[in-house]
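Novice: I'd like to ask some things about the structure below.
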Amino acid sequence: MSDLFKELIPSILTTKKYLLEEESDYVPFVVNKALSYQQDCLFYAAEMNRLPELPKKTQYDFYFNSIKAKRRPFIPWAKPVKMDDVELLKKYFGYNQSKALDALNIISTDQLAMIRKELDTGGNNE
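Printed below as a string of structure tokens:
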């Protein structure tokens, strides 16, 4: 069994060493997401997202034979936004949804903790 991030995805992107031993090693969602972060692989990933019924081996073969081998920069996956923090900023500053999302990008975790403490009324907040 090959490791998805250390072996299987690099086999598609850089090493071009065929590693798919068992279809259970291949997780289409994870591979599609990882490849979608690479600018030159985005359309390949979109095509595989469009055809999820294809067998896993066929999907791997498509990527393996279509994507040119080269070194690509590591791009970390985007982290999901914590909606509780967005609601906290909306309440504290009186922001709308988009302004609260923008503010969340520049506010520190210490500042969020201070705001959370300041808005804490004690007891059960439900």
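Counted the way the numbering used here counts, the sequence shown spans residues 36 to 161.
Ideal Cβ positions, reconstructed from N, Cα and C, are used throughout, including at glycine.
Leaving out the 5 sequence neighbours to the left and right, which residues in its chain are closer than 7 angstroms to residue 113 when beta-carbon positions are compared?
Specialist: Excluding residues within five positions, none has a Cβ falling inside 7 angstroms.
Novice: Please list, in chain order, all residues of the same chain as residue 80 whose beta carbon is under 7 angstroms from its beta carbon, the five residues on each side excluded.
Specialist: If we look at residue 80 and ignore the five residues flanking it on each side, its Cβ neighbours are 67, 70, 71.
Novice: Output needed for residue 130: all residues of its chain with C-beta closer than 8 angstroms, excluding positions within five of it in sequence on either side, in chain order.
Specialist: So the qualifying residues of the chain are 124, 138.
Novice: Report the three-state DSSP secondary structure of residue 45 (helix, strand or coil).
Specialist: In this structure, residue 45 counts as helix in the three-state DSSP scheme.
Novice: Considering only the alpha carbon of each residue, which of 44, 150, 40 lies closest to residue 99?
Specialist: Per the Cα distances, 44.
Novice: Use the C-beta contact count for residue 48: other C-beta atoms within 10 angstroms, 16 or more gives buried, fewer gives exposed.
Specialist: The residue in question, residue 48, is buried, as its Cβ has 16 or more Cβ neighbours within 10 Å.
Novice: Can you tell me which of 57, 46, 39 puts its alpha carbon nearest to the alpha carbon of residue 107?
Specialist: Minimum Cα distance to residue 107 is reached at 46.
Novice: Going by C-alpha distance, which of 85, 83, 78, 90 is nearest residue 60?
Specialist: Nearest option by C-alpha distance: 90.
Novice: Taking the continuous alpha helix (DSSP H) assigned at residue 85, which residues delimit it?
Specialist: Residues 77-85.
Novice: Scan the stretch 79-146 and note each continuous alpha helix (DSSP H) run of 4 residues or more that stays entirely inside, going in chain order.
Specialist: The stretch 79-146 contains these whole alpha helix (DSSP H) runs: 91-101, 118-128, 132-141.
Novice: Hey, quick one: how far does the alpha helix (DSSP H) through residue 71 stretch, first residue to last?
Specialist: Start and end: 63-71.
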